Amino acid sequence: MTKTEIENTDLKLKLVSDFQKFEKSLNGKANSILNKIKIDAFDCFNRLGFPVKKLEEWKYTNINPVLKHDFKQSTQLAKHTLTKDFVGKYFLKDAVNLVFINGFFDESLSDKITDNDSCYSGSLAEATTKFGDFVEQHFSKYADFKSNSMTALNTAFSKDGAFIYLKKNSVNNIPVHILYISDAVNNVMLSQPRNLIVLEEGSSIKISEDYFTVGSNYNFTNAVTEIYCAQNSNLEHYKIQNDGDNSFHIGTTQVHQERDSKFSDTTVSWGGSIIRNNLNSVFNGTNTECHFYGLYLLDGKQHVDNHTLADHKMPNCFSNELYKGIIDGSATGVFNGKIMVHPDAQKTNAYQSNNNILLSDDATIYSKPQLEIFADDVKCSHGATSGQLSKEEMFYLRSRGISENDARILLLNAFASDVIDSVKIDALRIKLYHTLQLKLKS
Amino acid sequence: MVKEDDILEKVTSSDYKYGFYTDLEMDKAPKGLNKEIIELISSKKNEPEFLLEWRLKAYNIWLKMTEPNWPNVKYPPIDYNDIIYYAAPKTKKKLGSLDELDPAIKNTYDKLGIPLEEQLILAGVAVDAVLDSVSVATTYKEKLAELGIIFCSMSEAIVNHPQLIKKYLGAVVPQSDNYFAALNSAVFTDGSFVYIPKNVRCPMELSTYFRINAENTGQFERTLIIADEGSYVSYLEGCTAPMRDENQLHAAVVELIALKNAEIKYSTVQNWYPGDAEGKGGIYNFVTKRGICSGDNSKISWTQVETGSSITWKYPSVILKGDNSIGEFYSVALTNNFQQADTGTKMMHLGKNTKSRIVSKGISAGKSNNSYRGLVQVSKRADNARNFSQCDSLLMGDKCGAHTFPYFEIKNKSAIVEHEATTSKIGEDIMFYCNQRGISEEDAVALIVNGYAKEVLNQLPMEFAVEAQKLLAISLEGSVG
Amino acid sequence: MLEIKNLKAKVETDEGGKEILKGLNLQIKAGEVHAIMGPNGSGKSTLASVLTGREGYEVEEGEVLFEGKNLLELAPEERAREGIFLAFQYPVEIPGVSNTNFLKTAVNDIRKSKGEDPMSSVDFLKMIKEKAKLVDIDPQMLGRYVNVGFSGGEKKRNEIFQLAMLNPKLSILDETDSGLDIDALKIVADGVNKIRSKDNAFIVITHYQRLLNYIVPDFVHVMYEGKIVKSGDKSLALHLEEYGYDWVAEHLEEIAK
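Protein chains in written order, with our numbering: chain F, 1 to 442; chain L, 1001 to 1481; chain B, 2001 to 2257.
Here you go:
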């Protein structure tokens, strides 16, 4: 990252004092592996500061409006008013539902955690005490904080989040659905969930992360998910994010793939004030495969920024990306997809596509599909489009007696379906279609 | 059987054909940049007061700016005080005819094959030759004058047409535009000036050959082309430079202005010294080229074939201000050995029903890096804007890099913007097919590369297209040249 | 003209190499047409690749003499200039390069290798028109890019057109008939028959007897597992057509006698 002008915002100063408190509380344990990482990470954050627009990676997203608010952080699960009945409405059928409130695991609201010979799915805080060595092996090994201040900040304050561990050759057919609820009913909160997902050789599972807000206070989520896919493993990962108009969300999903592994992600952004999703996959072995799907449906003054990276470090790997956006109101969509093909990554196949539909006069899309190629025997292509609904198609539908509004909904539904169909948890896919219908109708 | 790598190595290692140096008596300013040097340049050129003020303003802006670091290129820091900002061949008196031209200069041009000779004039090419910084000979000026066309050196235009200069200089690329444009504005020494009057179709291709000749001499050309309402002009710029060991900075500015219903076609073949096979030497080419379609129904088309320079940093752009105006960018950029190119275009759609088309063909060989960087911007009021971009990369060998950085900023729902990019290499299959027909490796590579670049080469005027094809072949082949 | 002695060759694979040709012998004289038939995987196309110098094949043993010269030492284009032509089974597409330009480069590179001057544009155009008639090629096609957007039949016809233009001594037709309908097949065969003379020779590699009704061979060779297991006249092709390649596998020892 290039030189930045570091502005000491009030929020930053506050975080500095929070961290000092944390360091004092360490009480002689400052030298433990995890705490050392946290101290390093905070040092990085302190040096880098919050991202500024001058950085190429933040060219189109200004987070200054986020920094104006007086966010507080909890150090443990705080009291809240959310009931099991209420939260249950968001549960997925036939899945293990885990609930996190402002980043902390709430056992009483969650389904029973899984802890058996083949799989563990529960909270990172508990896992750290239970299998400390294992967590140390993987924690902060994939999500680099040296050049990413938001990851550094999350790492420094990481306390809890989801921990999912699939043992060798275990095939888990019950998906894990993780609910991250920002409780903005009474407080102005900063949540920093930290998730760790480890798939051992030959294992497979479907996991969805579902972020949403309850209450109308300002709230800020800075999430990091680290994923390790050992050889021949298969992870279907989904991230659904449906926040309120006073919600800010910065999330990083960092994936490390070993040979023959397959990773698929679908990121759906329904709303929020300022949303930034980073999704990076590093191919550390041959014959790995990854799929990135994304959908953003924006209205009002929402701003969603999707940054992805398919990092082809090894030969014979495949990556495919499809991001689609429907932008209404005076909302702004940002897509920045990067395919990086390193010198050794011969026989790479990498494809990328970003399609946008602008529905209003004030909608904006910034798209930057990017290829960086250092190997010659590769097949790479990318494309980006922006446009309106086809007039011919609209006319065709209307000439069959369909109202203009219904015709539009039908066509937009078809536009989004390529992405939604990539979701392989039936209950989740149905829910996404349902939400899409509601959003399109309003 | 010959390994493919060996073939590529062989074909991609060619020496610079135009490496020679003309020893001329130079009239040089001392090294360095300051207010006095700018005053010296201005007074040497007998410039009016307003221009000196304009230059000094640019200099003050430049002092406050920092060199850009976003392009995907790497080079050691440039010492701007180690550059000579003014060098002119010593002319004893004004030239009456070509015969009076210094034989050494003429010889240099002959070696380059520049059509200054009678028979080439017959071919209909009017030449305004620029050696280093000062225009030394022009032809066909009278014939053009009959039509009211002004085609002269920038220095002459400043003295003879100050009203046009006052109105249009810096109108498209203001002094504060960027670091190198500011530098150019402060110290530019010469360049070409073209004015096509209303409803005149320029009957011939106008052309200029630039050369960088003196050691440690920065080149700061300034070109301004104005096409008045309903007029048309096609302008050719071609460059070759002699072999030098030290890096030389070139920071030109080209401004194009197309008024209502006017069309400007600007073609460049750039073949400056790219440095040797080890990456030593070569030209730094940091150029600002921009045109404005200021009137309705106007059109600006940039075509470039870039094979030279050790570093190229260049984004010929079009501001589509007039309704129904059209911007085009056709580019072939070839890099070999240690060359670096970060080039592309900006299409800024401001008017209604504006169209732009981008065709970029990158070719990377050796250990070079080739980046396409393009911006398509559609402003809020640019209803029905259309853009199509096609950016292809061809990689030769596994030590080079090809990068594509397209940016799209769309603020109008009726805009239709499409971008496609592909990357490929010269496949073993195609090579074998050509070989099996008796075609040598070198010829096969030239054939395939020219085929790949065809869409762009087709945009060039005929004689230029032939030269460009040769250049692509020369830049890639060992046996030719 | 061509003498192949005990040719053994491997194709390079990720796992090392796989032996495809296992001691092949063949002699071809000027004026002869040899058909090579055999089941898939018997090594027919490998033979074409080895003879023309395609990358990815390793000759382990044996020799190939073409008019007394050791063919295996030569680069692909040198073999082509000696007069060997391969009509590709899958002709490649070369975007941006017109057929005319492609052939002009080929003709002149071959002339250059013989110390001859490049052909004048007028002579070249004359030759192109003349040869285009041979294979019933629309002159419009000549302006199009090499094989780009051509149908399967057009590609194969274009191969024969190139053959006519380059006038080789030995032509290898690698499954030129596969995928052609009967009309296209007749046009291709007709072109070959017009070019056929006492000075040149053809190797016709095919899977089907059908083609040999139109290009009548002097010799038919049956290839099986990397060797020629039986040679005969054109009636052998008819026999094969009737009994199929299974017959070869089942009666291998019998046939070898």
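Backbone N, C-alpha and C fix where the C-beta goes; we use that ideal spot for every residue, glycine too.
Please read all numbers here as calculations on a predicted model, not as lab measurements.
Exercise. For M1462 of chain L, is the classification buried or exposed, using 16 other Cβ atoms within 10 angstroms of its Cβ as the cut-off for buried?
Worked result: exposed
Exercise. Near S1424 of chain L, which residues of its chain fall below 8 Å by C-beta distance, leaving aside the five closest residues on each side in sequence?
Worked result: D1392, S1393, L1394, L1395
For this session: To the nearest angstrom, report how far apart V96 of chain F and A223 of chain F are at their CA atoms.
Result: V96 of chain F and A223 of chain F have their C-alpha atoms roughly 21 Å apart.
For this session: Report buried or exposed for A30 of chain F, applying the criterion of at least 16 other Cβ atoms within 10 angstroms of its Cβ.
Result: exposed
Exercise. With 16 other CB atoms within 10 Å as the buried threshold, where does T129 of chain F fall?
Worked result: exposed
Problem set entry | chain B contacts made by the stretch 1451-1467 of chain L, where a contact means CB separation under 8 Å | G1451, Y1452, A1453, K1454, E1455
Exercise. Residues of chain L with CB under 8 Å from K368 of chain F, in chain order?
Worked result: F1405, P1406, Y1407, F1408
Problem set entry | Integer Cβ distance of C44 of chain F from F145 of chain F, believed to fall under 8 Å | 5 Å
Exercise. Looking at the structure shown, is I373 of chain F part of a helix, part of a strand, or coil, going by DSSP?
Worked result: strand
For this session: Return the residues of the stretch 230-258 of chain F that lie within a Cβ-Cβ distance of less than 9 Å from chain L, sorted by chain order.
Result: Residues passing the 9 Å Cβ filter: none.
Exercise. Sorted by chain position, which residues of the same chain lie with C-beta nearer than 6 Å to G1032 of chain L's C-beta, five sequence neighbours on each side aside?
Worked result: Its chain contains N1081 as the residues whose beta carbon lies nearer than 6 Å to that of G1032 of chain L, once the 5 sequence neighbours on both sides are disregarded; these appear in chain order.
Exercise. What are the start and end residues of the alpha helix (DSSP H) that includes S25 of chain F?
Worked result: Taken as a continuous stretch (DSSP letters only), the alpha helix (DSSP H) holding S25 of chain F covers 10-25.
For this session: Would you mind telling me which residues of chain B sit closer than 8 Å to Y1433 of chain L, beta carbon to beta carbon, in chain order?
Result: F2088, P2091, V2092, I2094
For this session: Might you give, ordered along the chain, the residues of its own chain that have their beta carbon closer than 7 Å to the beta carbon of L371 of chain F, omitting 5 neighbours on each side?
Result: The residues I339, C380, H382, in chain order, have a CB closer than 7 Å to that of L371 of chain F in the same chain once the five nearest residues on each side in sequence are set aside.
For this session: Please state whether DSSP places E2093 of chain B in a helix, a strand or coil.
Result: Looking at E2093 of chain B - three-state DSSP - the assignment turns out to be coil, as it is neither helix nor strand.
Exercise. From the beta carbon of A1444 of chain L, is the nearest beta carbon of chain F less than 7 Å away?
Worked result: no
Problem set entry | Residues near F2145 of chain B by beta carbon distance below 7 Å, same chain, minus five either side | Residue 2145 of chain B is actually Tyr in this sequence, not Phe. The residues are I2094, P2095, G2096, V2097, S2098.
Problem set entry | CA-to-CA distance, G1351 of chain L to Q1163 of chain L, given in whole angstroms | Q1163 of chain L and G1351 of chain L have their C-alpha atoms some 28 Å from each other.
Problem set entry | At least three beta-carbon pairs within less than 8 Å, the stretch 1147-1154 of chain L to the stretch 1190-1197 of chain L | yes
Exercise. Alpha carbon to alpha carbon, what distance is there between I430 of chain F and T2046 of chain B?
Worked result: If you draw a straight line from the Cα of T2046 of chain B to the Cα of I430 of chain F, it is about 54 Å long.
Exercise. Do Y1195 of chain L and L1249 of chain L have their C-beta atoms within less than 7 Å of each other?
Worked result: no
Problem set entry | Neighbourhood of S2121 of chain B by C-beta distance below 7 Å, restricted to the same chain and skipping five residues each side | none
Exercise. Chain L partners of S147 of chain F, CB-CB under 7 Å?
Worked result: The contacting residues do not exist; S147 of chain F stays about 16 Å from chain L at best.
For this session: Entirely within the stretch 1366-1400 of chain L and at least 3 residues each: give me those beta strand (DSSP E) ranges in chain order.
Result: The stretch 1366-1400 of chain L contains, as complete beta strand (DSSP E) runs of 3+ residues, the segments 1369-1378, 1386-1395 (chain order).
Exercise. According to DSSP, is T1288 of chain L helix, strand or coil?
Worked result: strand
Exercise. Looking at the C-beta of R1357 of chain L, does it have a partner C-beta in chain B at a distance below 7 Å?
Worked result: no
Problem set entry | N1435 of chain L - DSSP class collapsed to helix/strand/coil | Residue state, collapsed to three classes: helix.
Problem set entry | Reduced DSSP category for K1321 of chain L - H, G, I as helix; E, B as strand; rest coil | Looking at K1321 of chain L - three-state DSSP - the assignment turns out to be coil, as it is neither helix nor strand.
For this session: Go through its chain and collect everything with a Cβ distance to G2040 of chain B's Cβ below 8 Å, but skip five positions before and after it.
Result: In the sequence on display, residue 2040 of chain B carries Asn and not Gly. H2207, listed in sequence order.
Exercise. Quick one, which residues of the stretch 330-344 of chain F are near chain L if we go by CB-CB under 7 Å, in chain order?
Worked result: P343
For this session: May I ask you to report which of helix, strand or coil DSSP gives M1204 of chain L?
Result: coil
Exercise. Between the stretch 2153-2169 of chain B and chain L, which residues of the former have CB atoms less than 8 Å from a CB of the latter, in chain order?
Worked result: Taking 8 Å as the Cβ-Cβ cut-off against chain L, the residues of the stretch 2153-2169 of chain B that qualify are Q2162, L2166.
For this session: State yes or no: is the C-beta of M2001 of chain B within less than 7 Å of the C-beta of K2044 of chain B?
Result: no
Problem set entry | F19 of chain F, buried or exposed, once every other Cβ within 10 Å from all chains shown has been counted against 16 | buried
For this session: Give the range of the alpha helix (DSSP H) segment to which R194 of chain F is assigned.
Result: Careful: R194 of chain F lies outside any alpha helix (DSSP H), inside the beta strand (DSSP E) at 194-199.
Problem set entry | Given I2203 of chain B as reference, the closest of B:G2191, B:D2218, B:R2210 once Cα atoms are compared | B:D2218
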